[in-house]
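Take the sequence shown: its letter number 84 is residue 84 in our numbering, and every next letter is one higher.
Backbone N, C-alpha and C define an ideal beta-carbon position, used for all residues, glycine too.
For reference, the structure is listed below as structure tokens.
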Amino acid sequence: MDSQLDMFSKAPLPVVEKVSARVVLRRPPQTSAMSDEDMARKLQESGNYRILRKLVARPVVTVRRPQFSGLGVVLDTETTGLNHRTDEIIEIGAVAFTFNDDGVIGDVIGVYGGLQQPSMPIPPEITRLTGITDAMVEGQVIDIQSLRRLTEPADLIIAHNAGFDRPFCDAFSPVFSGKAWACSVSEIDWSARGFEGTKLGYLIGQAGYFHEGHRAVDDCFALLEILDQQQADEESPFNELYRASQQSRVRIFAEHSPFDMKDHLKARGYRWSDGSDGRPKSWWIEVDEDDLNEELRYLRSDIYQWDEADPPILHLTAFDRFKA
Numbered sequence: 001m002d003s004q005l006d007m008f009s010k011a012p013l014p015v016v017e018k019v020s021a022r023v024v025l026r027r028p029p030q031t032s033a034m035s036d037e038d039m040a041r042k043l044q045e046s047g048n049y050r051i052l053r054k055l056v057a058r059p060v061v062t063v064r065r066p067q068f069s070g071l072g073v074v075l076d077t078e079t080t081g082l083n084h085r086t087d088e089i090i091e092i093g094a095v096a097f098t099f100n101d102d103g104v105i106g107d108v109i110g111v112y113g114g115l116q117q118p119s120m121p122i123p124p125e126i127t128r129l130t131g132i133t134d135a136m137v138e139g140q141v142i143d144i145q146s147l148r149r150l151t152e153p154a155d156l157i158i159a160h161n162a163g164f165d166r167p168f169c170d171a172f173s174p175v176f177s178g179k180a181w182a183c184s185v186s187e188i189d190w191s192a193r194g195f196e197g198t199k200l201g202y203l204i205g206q207a208g209y210f211h212e213g214h215r216a217v218d219d220c221f222a223l224l225e226i227l228d229q230q231q232a233d234e235e236s237p238f239n240e241l242y243r244a245s246q247q248s249r250v251r252i253f254a255e256h257s258p259f260d261m262k263d264h265l266k267a268r269g270y271r272w273s274d275g276s277d278g279r280p281k282s283w284w285i286e287v288d289e290d291d292l293n294e295e296l297r298y299l300r301s302d303i304y305q306w307d308e309a310d311p312p313i314l315h316l317t318a319f320d321r322f323k324a
């Protein structure tokens with residue numbers, strides 16, 4: 001008789017079949033590395049991002065192309081304050097470029113940037129704004145001869161707020177006297193181009209760039225790039241500025257206008273002059289020559305209420321428009 005143990009020992013053993021598992025490793029699909037520009041474009045096309053590209057200064061060429069016969073200079077100053085009579089220039093930047101008769105920008109042909117030590121310490125708020133310290137300007141002097149070589153042959157000097165920069169430059173050196181100036185703030189209709197402000201930082205940002213602001217040469221290159229931006233079926237900002245610089249304008253002083261009419265004048269765009277800059281102490285406005293008669297008619301009928309009123313007027317060209 002088989003024991004209980006024999007019953008278990010003699011039971012047929014199950015056959016275990018060894019199956020070797022075959023693991024197939026699949027490589028991820030090969031993808032080519034995306035360039036920075038491809039990644040930026042992909043993000044922008046998603047609609048969830050706005051991309052700002054670093055603004056790169058244009059190269060300086062050594063040979064002028066003959067089809068670009070005009071010469072412009074973008075100029076910027078950093079100063080110790082806002083008053084050209086009491087404050088001083090501590091930095092000047094200038095970028096010379098060529099253009100043609102149609103207002104098309106050609107090439108950059110010269111650059112100058114220089115610091116100058118003022119007679120007094122730089123105010124802390126100016127250092128915070130510009131990054132220029134007393135240590136940076138110590139012993140520094142702006143090279144007038146280098147500036148002369150750039151500006152003397154220029155047909156047009158451009159500043160972003162020429163009403164500020166030109167008086168400082170005229171007080172600094174006679175190098176700038178007798179030159180035609182243009183203002184990229186007041187002589188370009190930025191709002192019609194879809195820009196929300198006229199500060200250089202706004203213009204740069206809305207155009208899709210960023211740059212190191214508040215240093216003179218950097219601001220000059222930034223402004224030049226914005227002036228050359230052109231949308232489809234639209235003239236470039238520089239072309240608009242160039243045309244405006246060739247037009248004569250008229251400054252009208254509403255001298256001795258009734259005091260109770262000041263709000264009307266202000267609403268129409270007149271600005272107040274306190275007489276400290278040599279202008280008449282009065283409200284004033286600047287208009288195109290074609291609009292002179294209409295503006296005089298408004299003053300005589302709505303402000304003075306006297307048909308023979310003869311407010312002082314001053315005819316201006318680009319050679320004297322932004323003088324102090």
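Sequence-distant residues of its chain with Cβ nearer than 8 Å to residue i (five each side left out)
{"i": "L224", "result": "R58, V74, V95, F97, I105 and V108"}
{"i": "P123", "result": "T80 and G81"}
{"i": "P280", "result": "F253, E255, S273 and P312"}
{"i": "S3", "result": "With a pLDDT of 45 at S3, under the threshold of 50, the predicted position of this residue should be treated as unreliable, though the coordinate-derived value follows. Nothing listed; no residue qualifies."}
{"i": "E212", "result": "D218"}
{"i": "Q44", "result": "R50 and I51"}
Cβ-Cβ distance between residue i and residue j below 7 Å
{"i": "L156", "j": "S245", "result": "yes"}
{"i": "A171", "j": "D165", "result": "no"}
{"i": "F68", "j": "N100", "result": "yes"}
{"i": "P174", "j": "F253", "result": "no"}
{"i": "A222", "j": "L55", "result": "yes"}
{"i": "L241", "j": "I204", "result": "no"}
{"i": "P153", "j": "L71", "result": "yes"}
{"i": "I90", "j": "I132", "result": "yes"}
{"i": "W283", "j": "L299", "result": "no"}
{"i": "G163", "j": "F319", "result": "no"}
Opposing strand residues paired with residue i [DSSP bridges]
{"i": "K281", "result": "Looking at the DSSP assignment, K281 forms no beta bridge with any residue, so it has no partner."}
{"i": "L75", "result": "A94"}
{"i": "C183", "result": "A159"}
{"i": "Y209", "result": "R53"}
{"i": "S273", "result": "S282"}
{"i": "V60", "result": "V108"}
{"i": "G70", "result": "F99"}
Residue of the options minimising C-alpha distance to residue i
{"i": "S119", "options": "T130, L129, V137 and E125", "result": "V137"}
{"i": "G113", "options": "Q305, C220, A162 and F253", "result": "C220"}
{"i": "H256", "options": "D274, N239, E240 and Y242", "result": "D274"}
{"i": "T127", "options": "Q140, H214, S282 and Q229", "result": "H214"}
{"i": "Q116", "options": "D143, G103 and Q44", "result": "D143"}
{"i": "F210", "options": "Q44, L52 and D36", "result": "L52"}
{"i": "L129", "options": "L203, T77 and Q140", "result": "T77"}
{"i": "D325", "options": "H315, Y270 and N239", "result": "This structure cannot settle anything about residue 325, because the visible part of the chain is limited to 1 through 324."}
{"i": "A324", "options": "E286, S276 and K262", "result": "S276"}
{"i": "Q305", "options": "V61, R251, K42 and P258", "result": "P258"}
{"i": "I226", "options": "R243, R41 and Q206", "result": "Q206"}
{"i": "L292", "options": "D87, F176, G197 and H315", "result": "H315"}
{"i": "E234", "options": "R85, R193 and A267", "result": "R193"}
{"i": "G278", "options": "D36, E45 and R85", "result": "R85"}
{"i": "V60", "options": "E37, G110, A182 and P167", "result": "G110"}
{"i": "N161", "options": "V141, L150, F176 and A182", "result": "A182"}
Contacting residues, own chain, Cβ-Cβ under 6 Å from residue i (five flanking each side not counted)
{"i": "S146", "result": "Y112"}
{"i": "K179", "result": "I157"}
{"i": "E326", "result": "An answer regarding residue 326 cannot be provided, because it is not within the stretch 1 to 324 covered by the chain."}
{"i": "E325", "result": "Lying outside 1 to 324, the shown extent of the chain, residue 325 is not represented and no answer is given."}
{"i": "G269", "result": "I285"}
{"i": "D302", "result": "none"}
The ligand GTP heavy atom lying under 6 Å from the CB of residue i
{"i": "L265", "result": "As for the ligand GTP, it is missing from this structure, which has no ligand bound."}
Close beta carbons around residue i, own chain, < 7 Å, minus the five adjacent residues each side
{"i": "S191", "result": "none"}
{"i": "G87", "result": "Note that residue 87 corresponds to Asp in the displayed sequence, not to Gly. So the list reads T79, T80 and G81, once near-sequence residues are dropped."}
Sequence ranges, beta strand (DSSP E) only - wholly within the stretch 90-124, length at least 3: 105-115
Those runs of the beta strand (DSSP E) which lie wholly inside the stretch 285-317 and span at least 3 residues: 313-316
Uninterrupted alpha helix (DSSP H) stretches inside the stretch 237-261 (no shorter than 4 residues): 237-245
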